[in-house]
Amino acid sequence: MNITTYNVNSVRARNAALLAFLDDRRPDVVCLQELKCVDEEFPWKDVEARGYHAAVFGQKTYNGVAILSRQPIEGVERNPHWPDDSQSRAILGWTGGVRVINLYVVNGQEVGSDKFAYKLDWLRRLREWVGGLDEAPTVICGDYNIAPADLDCYDPKGWMGQILVSDDERAHFKELCDLGYTDAFRHLYPGRKQYSWWDYRGNMFEQDKGLRIDHHLVSRPLLPRVIDCIVDTEARARPQASDHAAVTMFLRD
DNA sequence: ATGCCACACCTTGTGTGA
Numbered sequence: 001m002n003i004t005t006y007n008v009n010s011v012r013a014r015n016a017a018l019l020a021f022l023d024d025r026r027p028d029v030v031c032l033q034e035l036k037c038v039d040e041e042f043p044w045k046d047v048e049a050r051g052y053h054a055a056v057f058g059q060k061t062y063n064g065v066a067i068l069s070r071q072p073i074e075g076v077e078r079n080p081h082w083p084d085d086s087q088s089r090a091i092l093g094w095t096g097g098v099r100v101i102n103l104y105v106v107n108g109q110e111v112g113s114d115k116f117a118y119k120l121d122w123l124r125r126l127r128e129w130v131g132g133l134d135e136a137p138t139v140i141c142g143d144y145n146i147a148p149a150d151l152d153c154y155d156p157k158g159w160m161g162q163i164l165v166s167d168d169e170r171a172h173f174k175e176l177c178d179l180g181y182t183d184a185f186r187h188l189y190p191g192r193k194q195y196s197w198w199d200y201r202g203n204m205f206e207q208d209k210g211l212r213i214d215h216h217l218v219s220r221p222l223l224p225r226v227i228d229c230i231v232d233t234e235a236r237a238r239p240q241a242s243d244h245a246a247v248t249m250f251l252r253d
C-alpha cells in the first residue's frame with residue numbers, strides 16, 4: 001500500500017497533471033491540498049473513472065483538501081477539531097485499514113502577523129486533537145508549511161527566523177512528533193537533503209533550492225510497516241506543474 | 001526594499017501563497 005501527499009495548487013489548474021500522475025504512478029491513496037474550489041467543481045468523474053473513491057472538503061478560492069483511495073473511504077470527518085473554523089484544512093478518512101488524516105496547515109504569511117498567530121493556534125488544536133486519538137494505525141500527512149530542521153532548507157542562514165522555519169513553528173512540529181508520530185522520510189533517510197517545494201520564481205527548482213514541508217507522520221503501530229518514502233521530482237519538472245512535488249510513502253502489507 | 005511566479009477572482013489590479 002502507498003500513500004501520496006500532493007499540494008496541487010488548484011485542482012482545476014492541475015487537472016491534467018493530477019490525472020497523469022494517477023495514470024503513471026497508480027497510487028493507492030492520494031491526499032490532496034489546496035484544491036481552491038468548492039466540492040461541486042472537484043473533478044469527481046475524472047478520478048472515479050480511474051477507479052478512485054473520493055472524500056472532498058472544498059472551499060472557494062483558497063485551501064480545500066481531499067482524500068482519494070482505490071478502496072472505500074469510511075468515517076469521513078471534516079475539520080473535526082476546528083468547529084468554528086471556516087477554512088477547509090483537515091479531513092480524516094479510514095481506508096485500507098489505516099486512519100488517514102490529510103492536512104493543509106496554515107501558511108502564516110509572516111512571523112508575528114495575525115495569520116502567524118492563527119497558524120500557531122491551529123497547530124495547537126491539531127496536537128490537542130491528535131493527542132486524544134486511539135492506537136489505530138494512523139498517518140497524518142499533508143502540507144505542514146514547516147521545514148522541521150535546517151537540513152530541510154536550502155539556505156538556513158538566509159531563512160533564519162522566517163516563516164516555515166521559525167523556532168515557534170519547529171517547536172510545534174516537534175511536539176506533534178513527541179506525541180508518538182514519526183516523520184517517515186527523515187526516519188528512513190536521516191542525512192538526506194531532499195525538498196518537496198520550490199518557489200516558482202527564480203528557477204529555484206532547476207537549482208534545487210527548496211524546502212521540505214510536505215510530510216508523512218506515522219503512528220507507532222504503523223512505523224514498522226514503512227518501507228520507503230520518495231519525492232516525485234519528475235512531476236514537478238513538467239510544464240504547468242504545482243510548486244510542490246508529490247511525496248509518496250510505501251507501506252508493507 | 002522590491003520583484004521575481006502562479007493562482008483565483010463578479011479581474012484589467014489585489015490578495016495570497018511559501
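Numbering (our numbering), first residue to last: 1 to 253. Here a beta-carbon is modelled for each residue, glycine too, at the ideal position from N, C-alpha and C. Bear in mind the structure is a predicted one, so any value in this text is a computation, not a measurement.
Can you tell me the Cα-Cα spacing of residue i and residue j, whole angstroms?
i      : j      : result
Asn15  : Pro43  : 8 Å
Ser196 : Asn107 : 15 Å
Ala49  : Ser242 : 23 Å
Asp199 : Gly132 : 36 Å
Val226 : Lys60  : 35 Å
Ile163 : Leu217 : 21 Å
Asp253 : Asp114 : 44 Å
Pro190 : Leu120 : 26 Å
Gly112 : Val130 : 26 Å
Pro137 : Asp84  : 28 Å
Val30  : Leu222 : 18 Å
Leu32  : Asn145 : 14 Å
Phe21  : Lys174 : 31 Å
Gln87  : Ile101 : 16 Å
Leu188 : Leu251 : 12 Å
Gly161 : Phe116 : 13 Å
Cys141 : Glu40  : 24 Å
Gln71  : Pro224 : 22 Å
His53  : Arg25  : 17 Å
Asp167 : Gly51  : 42 Å
Arg78  : Arg201 : 33 Å
Go ahead and label residue i buried or exposed: buried means 16 or more other beta carbons lie within 10 angstroms of its beta carbon, across all protein chains shown.
i      : result
Arg12  : exposed
Asp208 : exposed
Asp155 : exposed
Gln109 : exposed
Asn203 : exposed
Asp134 : exposed
Pro27  : buried
Going along the chain, which residues of its own chain have a beta-carbon closer than 7 Å to the beta-carbon of residue i, five neighbours each way excluded?
i      : result
Leu151 : Lys193
Lys157 : none
Cys153 : Ala147, Trp159, Val165 and Leu211
Arg220 : Gly180
Ala55  : Ala66, Ile67, Ile73, Val76, Ile91 and Gly93
Using a Cβ-Cβ cutoff of less than 6 Å, which residues in the same chain neighbour residue i once the five nearest sequence positions on both sides are dropped?
i      : result
Leu176 : Arg127
Ala171 : none
Val38  : Gly58 and Lys60
Gly75  : Trp94
Met249 : Ile3, Ala184, His216 and Cys229
Arg89  : Asn63 and Tyr104
Thr233 : Ala245
Trp122 : Val106
Asp46  : Leu19
Glu169 : Ile146
Arg99  : Ala136 and Thr138
Contact defined as beta carbons within less than 8 Å: I believe residue i pairs with residue j. What is the distance between those atoms, to the nearest angstrom?
i      : j      : result
Asn7   : Asp214 : 6 Å
Thr5   : Val247 : 5 Å
Ser69  : Gly97  : At roughly 11 Å, the Cβ-Cβ gap does not stay under 8 Å, so Ser69 and Gly97 are not in contact.
Arg236 : Phe205 : 6 Å
Asp143 : Tyr118 : Between Tyr118 and Asp143 the Cβ distance is about 16 Å, and since that is not below 8 Å, they are no contact.
Looking only at DSSP bridge pairs, what is residue i linked to?
i      : result
Asn7   : Gln33
Leu164 : BP columns for Leu164 are empty, so no partner.
His215 : Gly142
Gly108 : BP columns for Gly108 are empty, so no partner.
Tyr181 : Ser219
Met249 : Ile3 and Cys229
Going along the chain, which residues of its own chain have a beta-carbon closer than 8 Å to the beta-carbon of residue i, five neighbours each way excluded?
i      : result
Asp183 : Pro148, Cys177, His215, His216 and Leu217
Asn9   : Glu34, Lys36, Ser242, Asp243 and His244
Pro80  : Ala90, Leu92 and Trp129
Ala17  : Val8, Ala235, Arg238, Gln240, Ala241 and Ser242
Arg124 : His172
Asp23  : Arg50
Trp82  : Arg89, Ala90, Trp122 and Arg125
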